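In this text, residue positions in the sequence shown follow the numbering used here: the first is 7, and each later residue adds one.
The C-beta atom is built at its ideal place from N, Cα and C for all residues, glycine as well.
Bear in mind the structure is a predicted one, so any value in this text is a computation, not a measurement.
One structure is given below, encoded as structure tokens.
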Amino acid sequence: MTTIIQTALPVPLPRLFDYDCEQLPAVGVRVRVPFGNRELVGVCLGQALAPDDSFQRKAVLEVIDDEPLWPQPVWRLLEWAADYYHHPLGDVIQNAMPVLLRQGERASYQATTRYQVTEQGAQQSPNDLKRALQQQRLLAALQQKPLLSRDIRMQEFSPSALKALQEKGWVEAVEHIPAPVQSWSLKIAAEPLQLNPEQALAVAAIGAAKKQQTYLLEGVTGSGKTEVYLQAMADVLRRGQQVLMLVPEIGLTPQTLKRFQQRFDVPIVMLHSALTDRERLDAWLDARAGSAAIIIGTRSAIFTPCKALGMIIVDEEHDGSLKQQDGFRYHARDIAVMRGHEEQVPVILGSATPSFETLNNALNKRYAHLQLSRRAGQAKPARHVVMDIKNLPLKAGLSQPLLSLMREHLEAGQQVLLFLNRRGFAPALLCHECGWLAQCRRCDAYYTVHQGSRQLQCHHCGAQQPIPKQCHDCGSTQLIGRGVGTEQLEQLLQEQFPDYPVLRIDRDSTRKKGSLQQHLQDAHDNKYPILVGTQMLAKGHHFPDVTLAALLDVDGALYSADFRAAERLGQMFTQVAGRAGRASKPGTVVLQTHHPEHELIQDLINNGYGHFAQTALRERQLTYLPPFSQHALFRAEANNAEAVIAALEAIAALFPQRDDVIVLGPIPAVMERRAGRYRYQLLIQTQQRGMRAQLLRYVLPQLEKLPQLRKVRWSLDIDPQDF
Ligand code: ADP
Ligand code: ZN
Ligand code: ZN
7 MTTIIQTALP VPLPRLFDYD CEQLPAVGVR VRVPFGNREL VGVCLGQALA
57 PDDSFQRKAV LEVIDDEPLW PQPVWRLLEW AADYYHHPLG DVIQNAMPVL
107 LRQGERASYQ ATTRYQVTEQ GAQQSPNDLK RALQQQRLLA ALQQKPLLSR
157 DIRMQEFSPS ALKALQEKGW VEAVEHIPAP VQSWSLKIAA EPLQLNPEQA
207 LAVAAIGAAK KQQTYLLEGV TGSGKTEVYL QAMADVLRRG QQVLMLVPEI
257 GLTPQTLKRF QQRFDVPIVM LHSALTDRER LDAWLDARAG SAAIIIGTRS
307 AIFTPCKALG MIIVDEEHDG SLKQQDGFRY HARDIAVMRG HEEQVPVILG
357 SATPSFETLN NALNKRYAHL QLSRRAGQAK PARHVVMDIK NLPLKAGLSQ
407 PLLSLMREHL EAGQQVLLFL NRRGFAPALL CHECGWLAQC RRCDAYYTVH
457 QGSRQLQCHH CGAQQPIPKQ CHDCGSTQLI GRGVGTEQLE QLLQEQFPDY
507 PVLRIDRDST RKKGSLQQHL QDAHDNKYPI LVGTQMLAKG HHFPDVTLAA
557 LLDVDGALYS ADFRAAERLG QMFTQVAGRA GRASKPGTVV LQTHHPEHEL
607 IQDLINNGYG HFAQTALRER QLTYLPPFSQ HALFRAEANN AEAVIAALEA
657 IAALFPQRDD VIVLGPIPAV MERRAGRYRY QLLIQTQQRG MRAQLLRYVL
707 PQLEKLPQLR KVRWSLDIDP QDF
């Protein structure tokens, strides 16, 4: 008998859609439906209780799945997220699905290629391949067990070594269809380390909890957080349960993965950007079937269904990449905490520099606070130096005292790390005669000079043009770069220290696939005594031979309009400090600034991140800023500024006037014009989350009827991170 079902579709409309269906699919089953003159893949939400009869209902074309894609807890999580972020459920669901499932592909395995040793290959001794180390390593691994292409890539075996082994007839490729469920059991492959008392306390606390709990594991880099994860995971895996771990976008290095593999002889899947769509689906299926014991991934992996989840870990929980910045603007850390509740499993948030939100939750006891205050092993804390550069001549942003210090460390055979958060050669091109600055025509921004590519580039809209030979205003040929970017810094360092090769790591130097990993490996192996990079380099990487690290330009953050700038500076400094030095070589961290006396800097240097954060938190409390208030931000943009302002004013007018609600704006975005479009925003601030939700539930349905909104592109950001 035909029923009417309600579906969530991948359209940016805050509503659900009814269709006729032959039978009633379970909630969470995908259906293919006609929509306008297209076909969409949506998800069934059950029977339509109050079907909308005002239009001609169409019929479902195909019921794709036999059973819901997600287990109950994840399904509830998706519904919660749609509600919390006031975002259409259909689009939330899209974000939670691997690409192939969005396209309507079956949720089942397909044959893939698997590599295994031939009979002949089984008898070879890898040691005989002395002069082909790559082949040696791969052959040894394949003699242990066959590997899928994705494993081969994940473990960074070389494709040419694979080919060579195949040509020798030692390795063959076979068609392989994975079994729907593969079982595993925990074998501890390597002996765990002897924990120090703080680590032991942390592991014990996590293991002993009687009820669901979120933990903040706070510890400086190198304090042994990963070791705590590993030992806490062991208990979970021993029970046959799975662990889901989130890492920052480029946070998981091959070294870390190797550490997991060495410790646990269980199936590990990684969900990262280098996977093909098929591989990503297979990994998702492995997690859902319980065939994968450990699932490691970036932001969107938080929605991965797991058969028997036992623990969630969010490493570097303060990292900005956990927040999605467009479309469905969720924060994967907050979703992780909610998932912990839904699944009744512990959540560990780890960081050397916890976000103020998380820290506040720990201080008021909502999260259990576990601290590792010392570096594991024998490593000593780094020495902090504030370098006053007022009135000092600077060479490409470097002061003479810093250059001397660098020389000392380099001559002692050690590595030096410099941070500058500006890529390119110079952040602006200036006419020395008349003061003209080359400005992007479509943005309120100057062009960055890129000498490598001989281009002016706008870092905001991507516009490019050759570096002009003459000033556009006065025709002078005296054009000079103003300010310093990483490219220039690299050049200067090469001149100053001709005997010490420089490696630059930024978005420009790592465009090629795999080049970032290669650079990081080279840096780690001390192939380059001097490392230069943007904040890309500050994320979760260990460079054991670095004994001197310097932040060249921090003054911008001290006087920024963004109330989170200080938090980020504190995190950056502390993260960098954590990279310097190790057991036998204590490190030094230098901060160059024109404001050495600044309160924030003094607090950070003298009292450490924890104290600095608590001071800053008290300030936020006094000024009612998050986490002591709740933000929602409407953003709007269009080619015409008046239209944008009118749209946001119309939204603002819908909010009731109340003492406990602040409606701020419309005000221009930090960059008012980008790519030719005018951008404004409207900030809603409430004391309580409940009030924010109520207000938005009242206001949002009325927006459809506002004519002013049709002329602009607008979006809503709950808990916005930067604005
Ligand atoms: P984090 O994740 O906090 O940066 P790691 O767990 O990676 O710290 O530990 C840093 C280094 O210290 C690693 O080389 C690790 O092997 C070592 N280490 C960690 N815990 C111990 C311990 N209890 N005893 C000896 N070495 C340890
Ligand atoms: Zn000029
Ligand atoms: Zn531009």
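Looking at residue i and ligand 5, is the gap between the Cβ and the nearest heavy atom below 7 angstroms?
{"i": "residue 230", "result": "Here the bound small molecules are ligand 1, ligand 2 and ligand 3; ligand 5 is not part of this structure."}
Can you give the Cα-Cα distance for residue i and residue j, rounded to whole angstroms?
{"i": "residue 157", "j": "residue 121", "result": "10 angstroms"}
{"i": "residue 672", "j": "residue 651", "result": "6 angstroms"}
{"i": "residue 504", "j": "residue 537", "result": "14 angstroms"}
{"i": "residue 634", "j": "residue 625", "result": "10 angstroms"}
{"i": "residue 132", "j": "residue 151", "result": "14 angstroms"}
{"i": "residue 146", "j": "residue 267", "result": "15 angstroms"}
{"i": "residue 212", "j": "residue 30", "result": "43 angstroms"}
{"i": "residue 642", "j": "residue 330", "result": "18 angstroms"}
{"i": "residue 595", "j": "residue 548", "result": "15 angstroms"}
{"i": "residue 173", "j": "residue 180", "result": "15 angstroms"}
{"i": "residue 8", "j": "residue 18", "result": "28 angstroms"}
{"i": "residue 581", "j": "residue 506", "result": "25 angstroms"}
{"i": "residue 540", "j": "residue 491", "result": "9 angstroms"}
{"i": "residue 51", "j": "residue 10", "result": "11 angstroms"}
{"i": "residue 64", "j": "residue 80", "result": "29 angstroms"}
{"i": "residue 579", "j": "residue 136", "result": "44 angstroms"}
{"i": "residue 728", "j": "residue 570", "result": "8 angstroms"}
{"i": "residue 72", "j": "residue 86", "result": "24 angstroms"}
{"i": "residue 165", "j": "residue 313", "result": "33 angstroms"}
{"i": "residue 678", "j": "residue 449", "result": "8 angstroms"}
{"i": "residue 6", "j": "residue 512", "result": "This structure cannot speak to residue 6, because the chain is shown only from 7 to 729."}
Looking only at C-alpha atoms, which of the options sits nearest to residue i?
{"i": "residue 432", "options": "464, 656 and 238", "result": "464"}
{"i": "residue 3", "options": "658, 678, 142 and 496", "result": "Examination of residue 3 is not possible in this model, given that the chain is present from 7 through 729 alone."}
{"i": "residue 309", "options": "322, 298, 294 and 547", "result": "294"}
{"i": "residue 473", "options": "608, 707, 696 and 445", "result": "445"}
{"i": "residue 542", "options": "561, 516 and 558", "result": "516"}
{"i": "residue 264", "options": "487, 162, 551 and 410", "result": "162"}
{"i": "residue 74", "options": "32, 722, 415 and 519", "result": "32"}
{"i": "residue 305", "options": "251, 553 and 299", "result": "251"}
{"i": "residue 401", "options": "422, 501 and 428", "result": "501"}
{"i": "residue 193", "options": "41, 245, 167 and 55", "result": "245"}
{"i": "residue 202", "options": "640, 443, 230 and 723", "result": "230"}
{"i": "residue 128", "options": "144, 637 and 113", "result": "144"}
{"i": "residue 469", "options": "447, 460 and 486", "result": "447"}
{"i": "residue 178", "options": "219, 125, 222 and 687", "result": "125"}
{"i": "residue 119", "options": "155, 378, 414 and 439", "result": "155"}
{"i": "residue 23", "options": "48, 44 and 72", "result": "48"}
{"i": "residue 720", "options": "684, 699 and 700", "result": "684"}
When the distance is taken between beta carbons, is residue j closer than 8 angstroms to residue i?
{"i": "residue 627", "j": "residue 666", "result": "no"}
{"i": "residue 107", "j": "residue 315", "result": "no"}
{"i": "residue 318", "j": "residue 272", "result": "no"}
{"i": "residue 482", "j": "residue 437", "result": "yes"}
{"i": "residue 96", "j": "residue 210", "result": "no"}
{"i": "residue 493", "j": "residue 456", "result": "yes"}
{"i": "residue 558", "j": "residue 424", "result": "yes"}
{"i": "residue 36", "j": "residue 70", "result": "yes"}
{"i": "residue 471", "j": "residue 462", "result": "yes"}
{"i": "residue 187", "j": "residue 34", "result": "no"}
{"i": "residue 167", "j": "residue 149", "result": "no"}
{"i": "residue 307", "j": "residue 300", "result": "no"}
{"i": "residue 629", "j": "residue 586", "result": "no"}
{"i": "residue 205", "j": "residue 224", "result": "no"}
{"i": "residue 499", "j": "residue 508", "result": "yes"}
{"i": "residue 698", "j": "residue 690", "result": "yes"}
Based on the DSSP secondary-structure assignment, which residues constitute the bridge partners of residue i?
{"i": "residue 300", "result": "249 and 274"}
{"i": "residue 426", "result": "None, per the DSSP bridge assignment."}
{"i": "residue 3", "result": "Here the chain comprises residues numbered 7 to 729, so residue 3 is not present and cannot be evaluated."}
{"i": "residue 721", "result": "641"}
{"i": "residue 493", "result": "Residue 493 is not bridged to any residue."}
{"i": "residue 405", "result": "400"}
{"i": "residue 220", "result": "353"}
Would a check of beta-carbon distances place residue i closer than 8 angstroms to chain B?
{"i": "residue 623", "result": "The question asks about chain B, but that chain is absent: this structure has only one protein chain."}
Closer than 5 angstroms is what we want: which residues have a beta carbon that near any heavy atom of ligand 3? List them in chain order.
Going along the chain, the residues that qualify are 446, 448, 449, 464, 466, 467 and 469.
Neighbouring residues (CB closer than 6 angstroms to any heavy atom of ligand 2):
So the residues near ligand 2 by this Cβ test are 437, 439, 440, 442, 477, 479, 480 and 482.
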